[in-house]
Amino acid sequence: MAKKIQKIKNLRSPRGMHDILPQEQDWWDKVRKEVDNVANYYNFSRIDTPLLEYSDVFEKSLGETSDIVEKQMFVLRSGSGDRLVLRPEGTAAIVRAYIQHGLSHLGQPLKLFYLGPMFRKERPQAGRFRQFHQAGFEIIGGQDDPIYDAQIILATFKLLERLKIRNLSLHINSIGCRVCRPNYRKKLTEYYKPLSAKLCKDCRRRVKQNPLRLLDCKEESCQPYKAEAPIILDSLCVNCNRHLKHVLEFLEELGLSYKLDNYLVRGLDYYNKTVFEFFTESADQGGKAFDFAIASGGRYDYLMDMFGARQSAAVGSAVGLERVIEVMKGTDVGLGLRKKPKAFFIHIGDLAKKRSLTLIEELRSAGVAVLESLGKDSLAAQLRLANKTGSDYALIFGQKEAFEDSIIIRDLKNSVQETVPLKKLVNEVKKRLR
RNA sequence: GUGCCUAUAGUUUAAUGGUAAAACUCCAGUUUGUGGUACUGGUAUCGAGGGUUCGAUUCCCUCUAGGCACCCCA
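Here it is as structure tokens:
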């Protein structure tokens with residue numbers, strides 16, 4: 000008795016995780032290619048780390064109270080009971096690899112880049128997914144020279160520029176260091192505490208838990224207080240101040256315009272001194288408006304410290320590729336892909352069909368882009384496909400031609416065709432496709 | 001994780017308490033070896049599970065997924 004095949008119902012990709020379908024791949028190819036180009040241009044070497052890491056890599060480094068660690072990590076338990084997590088970001092894993100393999104020996108600082116999927120267990124929204132892709136640049140080790148901050152920003156800018164992202168605005172700020180940040184936090188808290196009753200619900204909580212986040216508030220009623228709040232620039236220590244000043248000078252030297260944004264604070268604990276985000280305004284007119292960054296980064300000397308690096312200096316950036324592609328699609332710039340000319344092979348009859356296999360192979364190995372649909376036997380259907388795929392020529396090989404050792408080359412644009420001997424096929428086709 | 005809205009063919013959208021229309025796409029064909037037009041036909045257990053009902057795609061509940069806001073973030 001034949002077993003009944005049970006259909007699997009409700010097949011779906013997991014929440015917030017998407018298939019990248021063939022129609023989408025051109026965009027991704029373009030992005031991957033430009034990441035590669037820019038990395039090459041600035042001498043960044045590629046590094047790939049596992050999708051899984053021991054949870055310590057992120058828990059200790061991003062901050063135990065950061066949202067990512069508290070509730071956004073996918074945690075797995077291995078057979079032996081180790082806690083593994085799907086990486087929620089790239090930097091911590093790269094620093095781990097850097098330390099583990101003693102990559103400081105490759106020269107300092109080391110310039111690395113990566114591209115791959117990241118995972119965060121968030122509620123999905125436009126521009127926010129549970130599996131998403133980031134490309135990033137890192138300059139690790141050596142001195143905490145502000146020139147590296149500028150180089151990272153430059154490389155990131157160059158990538159976005161090459162991807163034709165218009166109306167970019169670069170926001171930059173310094174969040175100080177272990178010395179000056181606590182001072183600023185204290186000032187901020189002292190300023191806000193008496194105002195507590197007048198603030199929005201979220202801000203009242205922020206005063207106690209995460210004062211820096213007060214600067215992020217978008218609530219109308221809080222804006223006046225925000226405007227009067229002390230800004231971090233006035234609290235920076237000499238060192239941090241000088242660092243920021245140099246970064247800005249370098250950006251000016253490079254002709255990169257920026258907006259000093261005193262309200263910019265980043266979510267991860269490991270940042271110090273320079274933090275920055277790239278926004279795009281193009282999406283505001285029509286289409287979806289993004290009020291989030293498409294790329295961001297900063298200096299993370301403390302992450303190096305935490306992982307026990309000798310040279311505790313590092314700076315990096317990450318680009319959200321889904322967001323970038325979304326913006327690219329919203330502009331009318333398009334991909335500007337040049338179509339390669341191609342030929343479509345058509346067979347008629349059994350003999351011709353059989354011989355098609357070797358003929359097509361011959362063409363392909365000679366470097367000719369050949370399309371075919373060997374499973375379709377009707378001439379009309381094959382021609383229709385040739386037309387739809389945008390092929391330039393149809394190579395028609397039928398019963399008659401198979402006997403004569405010839406083949407028809409048909410120009411699909413002007414419907415002119417010519418019969419040529421098989422021997423000349425490769426050369427004739429190559430000549431025409433050039 | 002919280003709140004609100006949504007869920008019908010591959011896609012975009014209709015209608016309806018009595019098992020579903022249309023457009024585009026795709027597939028096949030319009031008499032046997034010539035395409036892009038036209039014409040014909042085909043493709044939906046109406047997100048999943050349960051409940052109310054004689055009967056639900058249509059009403060109710062749960063779950064799942066999507067969107068928006070919050071949280072946070074690329």
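Per numbering that gives the first Met the number 0, residue 0 is the first one in the first sequence, and the count goes up by one each step.
The beta-carbon is built from N, C-alpha and C at its ideal position, and this holds for glycine as well.
- Query: What separation, rounded to the nearest whole angstrom, lies between the Cα atoms of residue 437 and residue 98?
  - Reply: Beyond the ends of the chain as shown, which are 0 and 433, falls residue 437; an answer cannot be given.
- From residue 292 to residue 352, what distance separates their C-alpha atoms? 55 Å
- Item | Under the three-state DSSP convention, the category residue 170 falls into | strand
- Query: Can you give the Cα-Cα distance for residue 104 and residue 373, rounded to whole angstroms?
  - Reply: The straight-line gap from Cα to Cα measures roughly 55 Å.
- Use the C-beta contact count for residue 196: other C-beta atoms within 10 angstroms, 16 or more gives buried, fewer gives exposed. Here residue 196 is exposed: its Cβ has fewer than 16 other Cβ atoms, across all protein chains shown, within 10 Å.
- Do you know offhand how far residue 167's Cα is from residue 325's? Approximately 14 Å between the Cα atoms of the pair.
- Message: Checking 8 Å against the spacing of the C-beta atoms, do residue 271 and residue 175 come in under that value?
- Response: yes
- Quick one: residues in its chain with C-beta nearer than 8 Å to the C-beta of residue 206, no 5 flanking neighbours on either side, listed in chain order? Scanning its chain for C-beta atoms nearer than 8 Å, with the 5 sequence neighbours on each side dropped, one finds around residue 206 the residues 188, 191, 192, 195, 198, 213, in chain order.
- Task: Using alpha carbons as the reference points, say which of 371, 321, 347 lies closest to residue 435.
- Result: Lying before the first or after the last residue shown, residue 435 is absent from the chain, which here runs from 0 to 433.
- Query: Whose C-alpha, out of 401, 346, 399, is nearest the C-alpha of residue 380?
  - Reply: 346
- Beta-carbon separation of residue 46 and residue 93 under 8 Å? yes
- Message: So, with DSSP's three-state summary, where would you put residue 373?
- Response: coil
- Message: Could you check whether residue 261 and residue 182 sit closer than 8 Å to each other, using their CB atoms as the reference points?
- Response: no
- Query: Can you give the beta carbon distance from residue 84 to residue 52, rounded, assuming they're within the 8 Å contact cut?
  - Reply: 6 Å
- Query: Can residue 135 and residue 113 be called in contact, C-beta distance under 8 Å?
  - Reply: Taking C-beta atoms as the reference points, residue 135 and residue 113 count as a pair closer than 8 Å.
- Determine the contact status of residue 155 and residue 277, defining contact as a CB-CB distance below 8 Å. Annotated as proximal: residue 155 and residue 277, with beta-carbon spacing under 8 Å.
- Task: Rounded to whole angstroms, what's the CA-CA distance from residue 143 to residue 24? Just pull it up for me.
- Result: About 39 Å.
- Query: What residue does the beta strand (DSSP E) around residue 295 start on, and which one ends it?
  - Reply: 294-298
- Message: What does the Cβ neighbour count give for residue 317, buried or exposed, with the cut at 16 atoms within 10 Å?
- Response: Under a 10 Å Cβ-count criterion, residue 317 is classified as buried, with 16 or more other Cβ atoms of the shown protein chains found around its own Cβ.
- Would you grab the beta carbon distance between residue 73 and residue 118 for me? Rounded to a whole angstrom, and I think it's under 8 Å. 5 Å
- Item | Presumed contact (8 Å Cβ cut-off) between residue 410 and residue 420, rounded CB distance | Between residue 420 and residue 410 the Cβ distance is about 18 Å, and since that is not below 8 Å, they are no contact.
- Task: Taking the CB atoms as reference points, tell me whether residue 40 and residue 110 lie closer together than 8 Å.
- Result: no
- Simplified DSSP assignment, three categories, for residue 155: In this structure, residue 155 counts as helix in the three-state DSSP scheme.
- Please state if the CB of residue 169 and the CB of residue 258 are separated by a distance shorter than 8 Å. The beta carbons of residue 258 and residue 169 sit closer together than 8 Å.
- Assuming residue 239 contacts residue 179 under a Cβ cut-off of 8 Å, what Cβ separation, rounded to an integer in Å, is found between them? 6 Å
- Message: Please report the straight-line C-alpha distance between residue 362 and residue 29, rounded to a whole angstrom.
- Response: 28 Å
- Can you say whether residue 283 is buried or exposed, counting buried as having 16 or more other CB atoms within 10 angstroms of its CB? Reliability of the predicted coordinates at residue 283 is poor, the pLDDT of 41 falling under 50, and no value is obtained from them.
- Message: Quick check on this structure: which residue in 311, 96, 344 has the alpha carbon closest to the alpha carbon of residue 396?
- Response: When only C-alpha atoms are compared, the closest one is 344.
- Considering only residues of the same chain and omitting the five flanking positions on each side of residue 215, which have a CB-CB separation below 8 Å? 262, 264
- Task: Return the chain-ordered list of same chain residues with a C-beta closer than 7 Å to the C-beta of residue 388, the five sequence neighbours on each side being excluded.
- Result: 343, 370
- Can you grab the Cα-Cα spacing for the pair residue 432 / residue 341, in whole Å? 7 Å
- Query: Residue range of the beta strand (DSSP E) that residue 74 falls in?
  - Reply: Where residue 74 is concerned, the enclosing beta strand (DSSP E) stretches over 74-76.
- Are the beta-carbon atoms of residue 356 and residue 401 separated by less than 8 Å? Contact check for residue 356 against residue 401 fails: the beta carbons are separated by 8 Å or more.
- Message: In this structure, how does DSSP classify residue 21 when only helix, strand and coil are distinguished?
- Response: helix
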